[in-house]
Amino acid sequence: MSEQQEQVTDSLEVIGEVEDGAEQYLTFLLGDEEYGVEILRVQEIKGWDTVTSIPNSPSYLCGVLNLRGTIVPVVDLRLRFDISVAEYTPTTVIVVLKIEGESQRTVGVVVDGMSDTHNIKPEDIQPTPDFGAGINTDYINGLVSIGDNMMMLLDIDHLLSVEAIG
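Residues in the sequence shown are numbered consecutively from 280, following the working numbering.
Okay, structure coming up:
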């Protein structure tokens, strides 16, 4: 197991140590920005591996991965968010998430690296600012201050819905 995977495993082992009223979020990096997803939606984290490309798919859909017999679509979040492309490095990982919708399904997202886990109380979450009709922020549940930084909490069901990635 790589050092990165060991750190992630250690982070995931803190599930259950949640303060009263708080929810636990797993955070990851895209460039210098930190994003969070509900930790209970994370199925697993695996190091970057090649995927099978799908012809005529959007640029942010890397392809599919066979995860123990389940075919999992893999989305590069840098490309999905129109962030400049970066080379995949040893810290690049695929976070496998459980998506709710008409049916439950599994989707992998490629991120630059893992960050941490945070206990976040609902009252600490700030609403997403209204940027007007030109900017879609429907996939952001809110923002939270972590130290001197702001972290975006993602609505993965909206961000990775069949309609959004298809």
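Beta carbons are placed, not taken as given, at the ideal position from N, Cα and C, and that holds for glycine.
The structure presented is a predicted model; accordingly, all values stated were derived computationally and were not measured.
Buried or exposed: where does R347 fall if 16 or more other Cβ atoms within 10 Å of its Cβ makes it buried?
Looking up residue 347 in the sequence shown gives position 68. Exposed.
When you compare only the Cα positions, how much space is there between L344 and W327?
The count along the sequence shown starts at 1 and reaches residue 344 at position 65. The count along the sequence shown starts at 1 and reaches residue 327 at position 48. Cα to Cα, L344 sits roughly 11 Å from W327.
Give the single residue among A443, V390, D427 and D409 whose Cα lies nearest to the Cα of G315.
Working through the sequence shown from its first residue, we reach residue 315 at position 36. Cα-wise, what sits closest to G315 is V390.
Distance between K325 and N266 (C-alpha atoms, nearest Å):
Because the chain is modelled from 280 through 445, residue 266 falls outside the range shown and cannot be assessed.
Under 7 Å Cβ to Cβ from G342, same chain only, skipping five residues before and after it: list those, please.
Residue 342 sits at position 63 when you count from the first residue of the sequence shown. Excluding residues within five positions, the ones whose Cβ falls inside 7 Å are V330, T331, S332, I333 and V353.
If we ignore side chains and look at the alpha-carbon of each, how far apart do M393 and P406 end up?
Taking the first residue of the sequence shown as position 1, residue 393 is located at position 114. Taking the first residue of the sequence shown as position 1, residue 406 is located at position 127. For the pair M393 and P406, the Cα-to-Cα distance works out to about 24 Å.
I need the boundaries of the alpha helix (DSSP H) containing R357, first residue and last residue.
Translated into positions along the sequence shown, residue 357 becomes position 78. Unbroken alpha helix (DSSP H) run through R357: L356 to R359.
With DSSP as the reference, label E381 as helix, strand or coil.
Within the sequence shown, residue 381 is the residue found at index 102, counting from 1. In this structure, E381 counts as coil in the three-state DSSP scheme.
Under three-state DSSP, which class holds D299?
Position 20 of the sequence shown, counted from the first residue, corresponds to residue 299. D299: coil per DSSP, three-state reduction.
How far does the alpha helix (DSSP H) with I444 in it extend, from its first residue to its last?
Position 165 of the sequence shown holds residue 444. Per DSSP, I444 belongs to the alpha helix (DSSP H) from V441 to I444.
Would you mind stating whether L446 and I444 have Cβ atoms separated by less than 8 Å?
It is not possible to answer for residue 446, since the shown part of the chain is limited to 280 through 445.
Roughly how many angstroms lie between the CA atoms of E442 and I318, to the nearest whole one?
Here residue 442 corresponds to residue number 163 of the sequence shown, with the count starting at 1. Here residue 318 corresponds to residue number 39 of the sequence shown, with the count starting at 1. Answer to the nearest angstrom: the Cα atoms are 24 Å apart.
Between the stretch 351-365 and the stretch 302-315, do at least 3 Cβ pairs fall closer than 8 Å?
yes
Burial state of T349 (16 or more Cβ within 10 Å):
Here residue 349 refers to the residue found at position 70 when the sequence shown is read from its first residue. Counting Cβ neighbours within 10 Å, T349 comes out exposed, since fewer than 16 surround it.
So, under 8 Å CB-CB, V271 and V388 are touching, yes? Tell me the CB distance rounded to an integer number of Å.
Coverage of the chain is limited to positions 280 through 445, which leaves residue 271 absent and any answer about it impossible.
Neighbour-count burial assignment, T396, 16 or more Cβ in a 10 Å radius:
Here the question's residue 396 lines up with position 117 in the sequence shown. Burial call: buried.
So, helix, strand or coil for I333, using DSSP?
Within the sequence shown, the letter at position 54 stands for residue 333. Note: I333 maps to coil in three-state DSSP.
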